[in-house]
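Take 0 as the starting number for the sequence shown in numbering that gives the first Met the number 0 and just add one per residue.
In this text, a Cβ means the ideal position worked out from N, Cα and C, and glycines have one as well.
In this text the structure is predicted, and so the values were computed from the model without any measurement.
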Amino acid sequence: MLKRLATAWPLSALWVWVAAWIAHAALLGWGREAALIGGMLVGAGLALLHPQRWRRLIAALGFPVSALALGLGGQGGAPGVVWLLPLALLWWLYPRRSWSEAPIFPTPRGALEQLSSLAPLPPGARVLDAGCGAGDGLRELQRAYPQARVEGVEWSRPLTLLARWRARGASVRRGDLWADDWGGFALVYVFQRPESMPRVWAKACAEFTAGAWLASLDFAVPGVEPVASWRLGNGQFVWLYRPGRFAASNPAN
0 MLKRLATAWP LSALWVWVAA WIAHAALLGW GREAALIGGM LVGAGLALLH
50 PQRWRRLIAA LGFPVSALAL GLGGQGGAPG VVWLLPLALL WWLYPRRSWS
100 EAPIFPTPRG ALEQLSSLAP LPPGARVLDA GCGAGDGLRE LQRAYPQARV
150 EGVEWSRPLT LLARWRARGA SVRRGDLWAD DWGGFALVYV FQRPESMPRV
200 WAKACAEFTA GAWLASLDFA VPGVEPVASW RLGNGQFVWL YRPGRFAASN
250 PAN
């Protein structure tokens, strides 16, 4: 039961925060410090049920950060309504629909520098960063393929504007990466989540033209052998695929 709740993101984070506050309320009779420690322990323990590190972090930090903002740590604190301001900013920056996609984590500098030698492209080829976020991946693609037509699609409106400013020379549009047509691109780059990689693969197999490449940071396509992969200095991996040869069978769908 708890495992199933841990996968129902982002509701699972809300349940962790609620459970931590319930534990806090139940332990108030033992003193304020005991209640705070108990709430943090409950939140941290339930957060471990999440499979992804970034989800565990968000779920675990909900109670202590909110308690600090409300002044329960003994330092005065701000009015409760202040806690709504960063939540409103997060909602505007990262719409609710996007919580089912990958979080805002940047592509490390130099992560894609091997792409041009392993997946050579002709001048003017179209390259897409599907879910380009703040533009870090776009900038790395521009470095790897300086003669390519680099494009990005991003659902968040403010992130789209930021990506346009940071990756000047790239064509960035606001849109749904899943509704976008990948058929005209020589290479598509994604930095998604492990559970969405089968969907990425199915879309690539259905829409890619012959010879097109798929590059993924961190997460491999389950059950599919990559053309190449390499490990970055920070421990992350880049995976390179050529879906055209699997289009008929589409094993990950």
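Two segments are said to touch when three or more pairs of C-beta atoms, one from each, lie closer than 8 Å; by this definition the stretch 218–225 does not touch the stretch 162–179.
Per DSSP, Gly-151 is one residue of the beta strand (DSSP E) stretching across 148–153. Counting along the chain, Ser-215 sits inside the beta strand (DSSP E) bounded by residues 212–216. Excluding five sequence positions before and after Gly-42, the CB atoms of its chain that fall closer than 6 Å to its own CB belong to Val-15, Ala-19, Ala-59, Phe-62, given in chain order. In the three-state reduction of the DSSP assignment, Asp-128 falls in the strand class. Taking Val-171 as the centre and dropping the five residues before and after it, the same chain places the C-beta of Cys-131, Gly-134, Leu-137, Glu-150, Gly-151, Val-152, Glu-153, Thr-159, Ala-162, Arg-163 closer than 8 Å to its C-beta, in chain order. The C-alpha of Ile-21 lies about 16 Å from the C-alpha of Leu-67. For Leu-47, no beta strand (DSSP E) segment is defined, and its DSSP state is neither H nor E. In the DSSP assignment, the residues bridged to Ala-169 are Arg-167. Annotation for Ser-228: Phe-236, Val-237, Trp-238, Leu-239 place their beta carbon closer than 7 Å to its own, counting only its chain and skipping 5 residues before and after. Boundaries cannot be given for Ala-133, as no beta strand (DSSP E) includes it and DSSP labels it neither H nor E. Setting aside the 5 residues that flank it on each side, Leu-26 is surrounded in the same chain by Ala-33, Ala-34, Gly-37, each with a C-beta closer than 6 Å to its C-beta; the list follows chain order. The C-alpha of Leu-186 lies about 12 Å from the C-alpha of Leu-117. Straight through space, the alpha carbons of Phe-207 and Arg-241 are spaced by roughly 9 Å. For a cut-off of 8 Å, the C-beta gap from Leu-111 to Ala-143 is around 5 Å, short enough to register as a contact.
Contact annotation: Asp-128 and Leu-140 have beta-carbon atoms nearer than 7 Å.
Under DSSP, Leu-186 takes part in a beta bridge, and its partners are Val-126, Trp-212. As computed with DSSP, Ala-66 is found in no beta bridge at all. Secondary structure at Leu-117: helix, using DSSP grouped into helix, strand and coil. Beta-bridge pairing by DSSP links Arg-230 to Phe-236. In this structure, the beta-carbon distance from Arg-173 to Arg-156 falls below 7 Å. In this chain, the alpha helix (DSSP H) harbouring Pro-197 covers 196–206.
Selection Leu-120, Ser-11, Pro-50, Asn-233 evaluated against Ala-211 yields Leu-120 as nearest (Cα-Cα).
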